Ligand code: GLN
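Residue numbers (full-length UniProt numbering): 1 to 439.
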C-alpha cells in the first residue's frame with residue numbers, strides 16, 4: 001500500500017516543513033504515532049504532501065512550495081487551474097492523481113473533507129481523540145484530527161482500524177473503555193435497527209439539516225445531492241428534516257477558537273528553541289531577545305499565519321477575552337448540543353441528556369460538503385470568501401464528530417461535488433458503512 005503523508009505530520013526519513021519557511025530545513029528525529037502504525041502495518045510511505053502553512057487555509061495556496069493544482073481535469077491551456085482545496089490539498093490531489101493509494105491529512109475545520117470534495121475523492125475526519133496526534137504539529141489542538149483520504153470508502157474502512165488506537169503519548173487520546181462504551185451505544189441504538197451488513201438502508205434514519213443549504217451555496221451543487229437523497233430513499237432510508245439552529249454562528253466561533261489556539265501553539269517557534277533563526281540586522285540591540293524572536297517570526301511565518309497569530313492573541317487579551325474567546329466557547333457548546341439533540345445515539349462524552357423524542361432522532365446527518373465546486377486557483381486567497389468555504393465543515397469539528405466526505409457526482413461545471421455523512425461521537429464505523437453504500 002502506497003501512502004503519502006501531509007507535511008505537518010512528523011516523519012524521521014523525510015523533512016516536515018509544514019509548508020513554512022519557519023521549518024524549511026526541519027527533519028523530525030521521530031515518526032508520529034500514526035506514521036509508526038502505518039509502517040508496522042507494512043505501508044510504503046512514498047512522500048510528504050503539500051499543504052497550507054501549518055494547516056491554515058482552505059485552498060492550499062498559502063505554502064512555500066506553491067499552490068496545489070486540482071488534478072480532476074487534465075491541464076490544458078483552455079482550463080483555468082482550480083484549487084485542490086486546503087489545507088490537505090496535496091494529500092487529496094495525490095490520491096486523485098493516483099500517486100498513492102492512501103494519504104493522511106489533518107482536519108481542524110474541514111481540511112480533509114473540503115479537498116476531498118473538490119478533488120472527487122473520499123476523506124474522513126474521525127471522531128476527535130481517536131487517532132493519535134503525537135508527532136502532528138499542532139495548529140488548534142482542541143480541534144485537530146488526523147484524517148484519511150482514499151479513492152474508495154472501503155479503503156478508508158481498511159486503514160482506519162490500523163490507526164484507531166489509544167496512545168498514552170497523546171494526552172487527548174480517548175481511553176479504551178470510553179471507545180468501547182461508544183461502540184456499545186452504537187450497537188444498541190442503531191445497529192439493532194439497521195443491519196450494517198446489508199446493502200439496503202431500511203431502518204436507517206438520515207437527518208437533512210435545513211441550515212446546511214445556505215444562501216451562499218451554488219445551486220448546481222445542490223442538484224446532485226438532491227438526486228442522491230432520492231436514491232437513498234429508494235434504498236429504504238428514512239429521510240428526516242432536522243434543524244441545527246446554531247450552525248450560522250459556528251464559522252465565526254471556529255475562527256476565534258482556532259486562531260486563539262494557533263497563537264498559543266505557534267509561540268514555540270521563536271527561532272531559538274524551534275524554527276529557522278533569522279538574526280536581526282547588525283545595528284540592532286542584540287541584548288533584546290524579543291528582537292531575535294520578531295525577526296525570526298516575521299521572516300519565518302507567511303501572511304496568513306501572522307494574521308491568525310495576531311487575531312488569536314487579540315481574542316485572548318484581557319480586553320477581548322469575554323467578548324470573543326468566551327462567546328466562541330459558548331457557541332461551541334450550543335453547536336454540540338444541537339447535534340446531541342438530533343442523534344439517536346447518546347454522546348458518551350457529554351453529560352447533557354438528549355431531549356428530542358425518539359420519533360425525530362436520526363442515525364447520521366447528510367449535507368453537501370462544500371458550498372461550491374473547486375474555486376479557480378487565483379480567486380483571491382486573502383479574502384473572507386476563503387473562510388466561507390468552511391461553512392459546512394466547521395460544525396462537526398467544533399463538536400468533535402466523525403464526518404466523511406464522499407463523491408456525489410458533478411455540478412454543471414463538470415467538477416466534483418461531495419456529500420458529507422456525519423455521526424455522533426464514536427460512530428465512525430457507522431459513518432464509513434453508510435459512506436460505502438452511498439459511493
Ligand atoms: N480552513 C480552515 C482554517 O484555515 C480549516 C483548516 C484545517 O482544517 N486545517 O482554519
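All residues carry an ideal CB built from backbone N, CA and C; glycine is no exception.
Since this is a predicted model, take the numbers as computed values, not measurements.
Would you call residue 149 buried or exposed, if buried means 16 or more other Cβ atoms sit within 10 Å of its Cβ? Around the beta-carbon of residue 149, 16 or more other beta-carbon atoms lie within 10 Å, marking it buried.
Here's the rule I'm using: 16 or more other beta-carbon atoms within 10 Å means buried, otherwise exposed. How should residue 127 be labelled? So residue 127 ends up on the buried side.
Straight-line gap, residue 230 to residue 223 (C-alpha atoms, nearest Å): Approximately 11 angstroms, taken between the alpha carbons.
So, helix, strand or coil for residue 85, using DSSP? Looking at residue 85 - three-state DSSP - the assignment turns out to be coil, as it is neither helix nor strand.
Residue 112 versus residue 49 - alpha carbon distance: Taking the straight line from one Cα to the other gives about 13 angstroms.
Give the single residue among 136, 130 and 392 whose Cα lies nearest to the Cα of residue 166. The shortest C-alpha separation from residue 166 is found at 130.
Need the endpoints of the beta strand (DSSP E) that residue 32 sits in, please. Judged by DSSP secondary structure, residue 32 falls outside any beta strand (DSSP E); it is assigned neither H nor E.
Range of the contiguous beta strand (DSSP E) that encloses residue 206: From DSSP, the beta strand (DSSP E) with residue 206 extends over 205-209.
Curious, which full-length alpha helix (DSSP H) runs of at least 4 residues does the stretch 305-374 contain? The stretch 305-374 contains these whole alpha helix (DSSP H) runs: 327-342.
Between residue 363 and residue 153, which are expected to be in contact by the criterion C-beta below 8 angstroms, what is the C-beta distance as a whole number of angstroms? That pair is no contact at about 17 angstroms.
Confirm the yes/no value for this check: CB of residue 112, any heavy atom of the ligand GLN, distance under 8 angstroms. Within the cutoff, so yes.
Between which two residues does the alpha helix (DSSP H) harbouring residue 252 extend? Residue range 247-265 is occupied by the alpha helix (DSSP H) that includes residue 252.
Starting from residue 220, follow the alpha helix (DSSP H) in both directions and report where the run begins and ends. Unbroken alpha helix (DSSP H) run through residue 220: 219-234.
How many Å lie between residue 389 and residue 368 at the Cα? Looking at the backbone, the Cα of residue 389 and that of residue 368 are separated by about 12 angstroms.
For residue 443, collect the residues of the same chain with a Cβ closer than 8 angstroms to its Cβ; drop the 5 residues on either side in sequence, then sort them by chain order. The chain is shown only over 1 to 439; residue 443 falls outside these bounds and no answer can be derived.
For residue 54, does the count of other Cβ atoms within 10 angstroms reach 16, so buried, or fall short, so exposed? So residue 54 ends up on the buried side.
Inter-stretch contact at 8 angstroms, needing at least 3 Cβ pairs: the stretch 5-17 / the stretch 32-48: Taking 8 angstroms as the limit for Cβ pairs, the verdict is that the stretch 32-48 does touch the stretch 5-17.
Same chain, Cβ closer than 6 angstroms to residue 260, neighbours up to 5 away in sequence not counted: 312, 315, 316 and 325, listed in sequence order.
Any heavy atom of the ligand GLN closer than 8 angstroms to the Cβ of residue 106? Yes, the Cβ of residue 106 comes within 8 angstroms of a heavy atom of the ligand GLN.
6 angstroms Cβ shell around residue 73 - same chain, five flanking residues per side excluded: Cβ within range, chain order: 79.
Span separating the alpha-carbon of residue 438 from that of residue 274: Distance between the alpha carbons of residue 438 and residue 274 is about 45 angstroms.
Can you tell me the Cα-Cα spacing of residue 171 and residue 161, whole angstroms? Distance between the alpha carbons of residue 171 and residue 161: 20 angstroms.
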